[in-house]
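Chains as they are written, first to last, in the working numbering: chain H, 842 to 1302; chain Y, 2 to 79. Backbone N, C-alpha and C fix where the C-beta goes; we use that ideal spot for every residue, glycine too. Just so it is clear, the structure is predicted and the values come from calculations on it, not from any experiment. A short write-up of the structure that comes next.
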């Protein structure tokens, strides 16, 4: 019965109700007999249709049971593929907030149908067509009268604590997700949050007192699992979590990069010409997916999205990503996924065996990568030699649109203003030689009114 | 009669304790989180009831005032 050409997905093993596996390049989810009743209730109660219609749950179709990976199988389903997997440590504040609110909305709708979410992992949410969607069809179980919400702790660790820290302490604390695979420990969140949060009933209860209760009962087993939560109490808890999340806010200020376009020496004409060049290169390469590296607020990501290309818009600055996300959300632009990423330290593989959550490279290679006004930041600000930049980019894409910014450019002069110029090889000829080792230069165009050159390159096979 | 109703209530409460089970749960709710939730949910349940009650009153008042305004409008039109 076990198919030799199948492989299980490394991040899907914790829940005994089932797992994801790949067969002949197609993604399937096995549903085990263990949660037969829960799955049947989800499908027959109308809950599945309601959630899929609202774009809150990933749709699926049932597949042949002969694909089963063992005797425990009850059903095999084929979920719609998520075009790009992103993780909470790559999300900006509003993305995490929207994911939290989507989780609570799903929980409320499920509760009305006599079901509940048995987990509330932020990793179960993905951005599809610009909206947060639950991708785990097995997250539902039949609600038992009186049972407390089993995923309450997980919701607080995965959503409430990081959101509170980002909102009240520092937005960069979202990176704690990279250290703590099961969300931010509440005692740590409690100690990092400012004292003023003790005056907010919602944070006082769901984080500070919650953390104290965890510490108090950490070693105790007596009296555990006695007592119940009324239906009204259950609804009150979800409603309180929802209003707490809604009350958390963060405004992106003008940071180093988020107001970048106001500071560059680009004239309007040069900027328009640059857009024309990039647009024509995109038309020539015709990629389906694009990674815009150092995308800032997404000015050039728009060019790819307007051509129907799914565009992952990466930037190191949480403010720029926040602005990009809010702009796309307000415009209903679902083809752009803005994400926070430090290219000099890109997302690694994390979790069990370092394989539960994929590294950036594992999620590639992408059809086309754009590296506009980026090379000087890598080569000069971060001392990455040009051949290494070329090798890295060759590992993640097939086509490349890259801008070379020479030393004479005022932006490079700014970077060199406070440091010694130890970059004798940072010049156009070396740049072209370094990239020619991995890429064929298909086209090159100088930007009018600027000293910069934009290249279209194709990776050598 | 009162005694019977009381017995029923007790039986229902007892039943909810019996019905509490783990179902398909695979994550640890955490002892401290579990106990804390039982406590906080009783408070939040009360607040939620008040919120719904207040919402209903507000809705009823809004309905009443808009009906009143509607009648005024009708009168003016006549």
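- Proximity to residue 1207 of chain H across H:1215, H:1237, H:1231 and H:1179 peaks at H:1237, based on C-alpha coordinates.
- Residue burial is scored here from C-beta neighbours: residue 916 of chain H has at least 16 other C-beta atoms within 10 angstroms and is therefore classed as buried.
- For residue 959 of chain H, the nearest CB of chain Y lies under 8 Å from its own CB, placing it at the interface with that chain.
- According to the DSSP assignment, residue 1058 of chain H belongs to no beta strand (DSSP E), since it is labelled neither H nor E.
- Taking 8 Å as the CB threshold, residue 32 of chain Y lines the interface with chain H.
- Membership of residue 949 of chain H in any beta strand (DSSP E) is not indicated; the residue belongs instead to the alpha helix (DSSP H) covering 934–953.
- In the assembly as shown, residue 1193 of chain H is an exposed residue. Its beta-carbon has fewer than 16 other beta-carbons within 10 Å.
- Taken in chain order, the members of the stretch 989–1005 of chain H whose beta-carbon sits within less than 7 Å of a beta-carbon on chain Y are 989, 990, 991, 992, 993, 994 and 995.
- In this structure, H:883 is the residue among H:1087, H:883, H:1275 and H:1267 with its C-alpha nearest to the C-alpha of residue 981 of chain H.
- Less than 8 Å divides the Cβ of residue 1000 of chain H from the Cβ of residue 1086 of chain H.
- For residue 849 of chain H, not one C-beta of chain Y is nearer than 8 Å to its own C-beta.
- For residue 1207 of chain H, the uninterrupted beta strand (DSSP E) segment begins and ends at 1207–1212.
- Bridge partners of residue 1131 of chain H according to DSSP: H:1152 and H:1209.
- Here the alpha carbon of residue 988 of chain H sits roughly 35 Å from the alpha carbon of residue 863 of chain H.
- Closest in C-alpha terms to residue 1283 of chain H, from the list H:1126, H:1043 and H:1108, comes H:1126.
- By the Cβ rule, the stretch 1180–1197 of chain H does not count as touching the stretch 1141–1152 of chain H, because fewer than three pairs are nearer than 8 Å.
- Every unbroken stretch of the beta strand (DSSP E) spanning 3 or more residues and falling wholly within the stretch 879–933 of chain H is given here in chain order: 901–904 and 914–920.
- Contact between residue 1091 of chain H and residue 1012 of chain H holds: their C-beta atoms lie close to 6 Å from each other, under 8 Å.
- Sequence-distant partners of residue 946 of chain H (beyond 5 residues in either direction) whose C-beta falls short of 7 Å from its own C-beta, in its chain, are 897.
- Taking each of H:866, H:854, H:1232 and H:853 in turn and checking the Cα distance to residue 846 of chain H, the smallest one comes out for H:866.
- Look at residue 849 of chain H here: in three-state DSSP terms it is strand.
- Contact check for residue 1079 of chain H and residue 948 of chain H: beta-carbon distance about 6 Å, within the 8 Å limit, so the pair qualifies.
- The beta-carbon of residue 61 of chain Y is placed no less than 8 Å from the nearest beta-carbon of chain H.
- In this chain, the alpha helix (DSSP H) harbouring residue 1229 of chain H covers 1227–1237.
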